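213 is the number of the first residue of the sequence shown in our numbering; add one for each residue after it. Every residue, glycine too, gets a C-beta built ideally from N, C-alpha and C. None of the values given here were measured: they were computed from a predicted structure. Shown next, in C-alpha cells, is the structure this report addresses.
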Amino acid sequence: MQIYEKNCAHSNFCHRLAAFFSFNMKILSSKAALQLVIAEIQAHKKSIGFVPTMGALHEGHLALVKTAQKVCDRVVCSIFVNPTQFNNSQDLSSYPQTPERDIALLKEVNCDILFLPESPQEIYPDGVTSMEFDLGNIASVMEGAHRPGHFQGVATVLYHFFNLVQPNRVFMGEKDFQQVAVVRKLIVLMHAPIEVVCVPTQRAASGLALSSRNMRLSAQQQDEAVAIFDAMQYAKSNWQRFSPKSLMQHLIGFFDAIPDAKVEYIAFADADSLEGVLEWSDHQSVRVFVVVWFGDVRLIDNQLLF
Ligand code: AMP
Numbered sequence: 213m214q215i216y217e218k219n220c221a222h223s224n225f226c227h228r229l230a231a232f233f234s235f236n237m238k239i240l241s242s243k244a245a246l247q248l249v250i251a252e253i254q255a256h257k258k259s260i261g262f263v264p265t266m267g268a269l270h271e272g273h274l275a276l277v278k279t280a281q282k283v284c285d286r287v288v289c290s291i292f293v294n295p296t297q298f299n300n301s302q303d304l305s306s307y308p309q310t311p312e313r314d315i316a317l318l319k320e321v322n323c324d325i326l327f328l329p330e331s332p333q334e335i336y337p338d339g340v341t342s343m344e345f346d347l348g349n350i351a352s353v354m355e356g357a358h359r360p361g362h363f364q365g366v367a368t369v370l371y372h373f374f375n376l377v378q379p380n381r382v383f384m385g386e387k388d389f390q391q392v393a394v395v396r397k398l399i400v401l402m403h404a405p406i407e408v409v410c411v412p413t414q415r416a417a418s419g420l421a422l423s424s425r426n427m428r429l430s431a432q433q434q435d436e437a438v439a440i441f442d443a444m445q446y447a448k449s450n451w452q453r454f455s456p457k458s459l460m461q462h463l464i465g466f467f468d469a470i471p472d473a474k475v476e477y478i479a480f481a482d483a484d485s486l487e488g489v490l491e492w493s494d495h496q497s498v499r500v501f502v503v504v505w506f507g508d509v510r511l512i513d514n515q516l517l518f
C-alpha cells in the first residue's frame with residue numbers, strides 16, 4: 213500500500229505563499245491509498261465532493277473544484293485520461309497531458325486530494341474494457357450515435373471512481389450536457405446516493421467554451437472557433453423566427469466560410485429526454501448542441517434556447 217504526497221516546486225512567490233498558508237494537497241496514485249484517505253474522511257463524518265477530469269486543466273475544471281468547495285467538506289479531483297471512452301485511438305494519443313501544471317493549479321485553489329492513477333491498469337486490473345450499462349436513449353443520441361462506446365466508457369470509469377471515492381456529490385460541466393444526463397442515469401442504476409451538480413460552462417471572453425482541446429488549436433482556429441458561440445447565440449435570439457429545420461440551415465451557414473471548420477452535427481433536443489426536436493413546443497425546454505471540427509480538433513458545446 214502506498215500513500216505519498218508530492219510538493220510542487222512553485223516558481224514564483226505567490227505560489228509559495230499560497231502553498232505555505234494552505235496545506236499539502238494529497239496526491240494519491242493507488243486505489244489502496246485513496247481508499248484509506250476516504251475511510252478517514254468518512255470516519256470524521258465529512259462530506260466528499262468529487263470532480264472527475266482528464267487533466268490539461270483550465271478555469272472550467274477549477275470552477276467545478278471551487279463550486280465543490282462551497283458545499284462539501286473535502287474535495288477529491290481525479291485526473292485520468294480514460295482509454296475506454298475514446299472511440300478513436302488518434303484522439304486518445306493526442307489528448308493533451310500537463311500533469312505538473314495541473315498539480316500547481318489544483319494546489320493554488322486548495323484542492324484537498326488529487327487521485328492520479330499511475331496507469332490504466334490501476335483502474336482496469338482485468339483489462340482495459342468497458343462494462344455494459346443500460347443507459348437508455350439519452351446515451352444513444354448525439355454523442356452516443358457519433359462516438360460509439362463513448363458513454364459506456366464514461367460510465368465504466370465513473371462506476372469505478374464512484375465506488376472508490378464514495379462522494380456525496382459529483383460536479384460536472386454543463387459543456388458536456390449529455391454526459392451529465394448519462395451520469396445521472398448511471399447513478400440511478402448504481403442505487404448510489406450521489407447528487408449530480410451541473411456547473412455552468414466557463415468561456416473565454418470571446419465566448420469560446422474553455423476546453424483542454426483548445427490548446428491544440430492554432431491562434432487562427434481559436435478565433436474561428438468563436439463561430440460555435442456565435443451560432444448558438446443566434447439560435448437563442450432567433451429561434452422563434454424559424455422552424456427547427458430552417459434555423460439549422462442558418463447555423464450551418466456560420467461555418468461555411470471557414471475552410472478549416474467541418475460541422476459534425478448540430479441538433480435541437482429536449483433538455484430532459486434529449487430527444488430530437490422537429491417542431492418547437494411551449495411544453496418543453498430545448499437546447500442546441502453543436503459539434504464542429506477545426507482541423508483535427510473536435511469541439512463540443514451546447515446552450516439552452518428556451
Ligand atoms: P474533461 O477533463 O474534459 O473530461 O472534463 C472534466 C469535467 O470538466 C467535465 O465535467 C466537463 O464537463 C467539465 N468541463 C470541461 N470544460 C468545462 C468548461 N468550459 N466549463 C465548465 N465545465 C467544464
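Buried or exposed for residue i, please, with buried defined as at least 16 other CB atoms from any protein chain shown within 10 angstroms of its CB.
i, result
"residue 341", "exposed"
"residue 233", "The predicted model places residue 233 with a pLDDT of 49, which falls under 50 and marks its position as unreliable, so this point remains unresolved."
"residue 324", "buried"
"residue 238", "buried"
"residue 319", "buried"
"residue 417", "exposed"
"residue 256", "exposed"
"residue 427", "exposed"
"residue 514", "buried"
"residue 502", "buried"
"residue 464", "exposed"
"residue 390", "buried"
"residue 435", "exposed"
"residue 431", "exposed"
"residue 387", "buried"
"residue 264", "buried"
"residue 508", "exposed"
"residue 344", "exposed"
"residue 352", "exposed"
My guess is that residue i and residue j are in contact by the Cβ rule of under 8 Å, so how many angstroms apart are they, rounded?
i, j, result
"residue 414", "residue 272", "4 Å"
"residue 422", "residue 437", "Residue 422 to residue 437, Cβ: 12 Å. No contact."
"residue 309", "residue 369", "Not really, about 16 Å apart at Cβ, beyond 8 Å."
"residue 350", "residue 393", "5 Å"
"residue 278", "residue 321", "6 Å"
"residue 269", "residue 317", "5 Å"
"residue 291", "residue 240", "Between residue 240 and residue 291 the Cβ distance is about 11 Å, and since that is not below 8 Å, they are no contact."
"residue 251", "residue 381", "About 19 Å; that fails the 8 Å criterion."
"residue 442", "residue 467", "About 10 Å separates the two Cβ atoms, so there is no contact after all."
"residue 517", "residue 500", "6 Å"
"residue 402", "residue 446", "Their Cβ separation, rounded to whole angstroms, is 39 Å, which puts residue 402 and residue 446 out of contact at 8 Å."
"residue 487", "residue 456", "12 Å between Cβ atoms; not a contact."
"residue 354", "residue 479", "6 Å"
"residue 476", "residue 498", "About 20 Å; that fails the 8 Å criterion."
"residue 294", "residue 266", "7 Å"
"residue 347", "residue 373", "Incorrect: roughly 17 Å between the Cβ atoms, too far for contact."
Run the proximity test for residue i: is its beta-carbon closer than 7 Å to any non-hydrogen atom belonging to the ligand AMP?
i, result
"residue 272", "yes"
"residue 393", "no"
"residue 421", "yes"
"residue 387", "yes"
"residue 266", "yes"
"residue 427", "no"
"residue 413", "yes"
"residue 424", "yes"
"residue 280", "no"
"residue 384", "yes"
"residue 367", "no"
"residue 275", "yes"
With DSSP run on the structure shown, which of helix, strand or coil describes residue i?
i, result
"residue 279", "helix"
"residue 296", "helix"
"residue 356", "helix"
"residue 285", "coil"
"residue 515", "strand"
"residue 267", "coil"
"residue 251", "helix"
"residue 260", "strand"
"residue 466", "helix"
"residue 473", "strand"
"residue 245", "helix"
"residue 483", "coil"
"residue 507", "coil"
"residue 233", "Because residue 233 carries a pLDDT of 49, less than 50, the predicted location of this residue cannot be relied on, and no value is offered for it."
"residue 488", "strand"
"residue 449", "helix"
"residue 499", "strand"
"residue 458", "helix"
"residue 301", "helix"
Can you tell me whether residue i sits near the ligand NAD, meaning its C-beta is under 7 Å from at least one heavy atom of the ligand?
i, result
"residue 245", "Of the ligands this structure carries, namely the ligand AMP, none is the ligand NAD."
- Task: May I have a chain-ordered list of the beta strand (DSSP E) segments no shorter than 3 residues that lie completely inside the segment 363-444?
- Result: 381-385 and 407-411
- Message: Just to confirm the assignment: which complete beta strand (DSSP E) runs, minimum length 3, are found wholly within the segment 303-356?
- Response: 325-327
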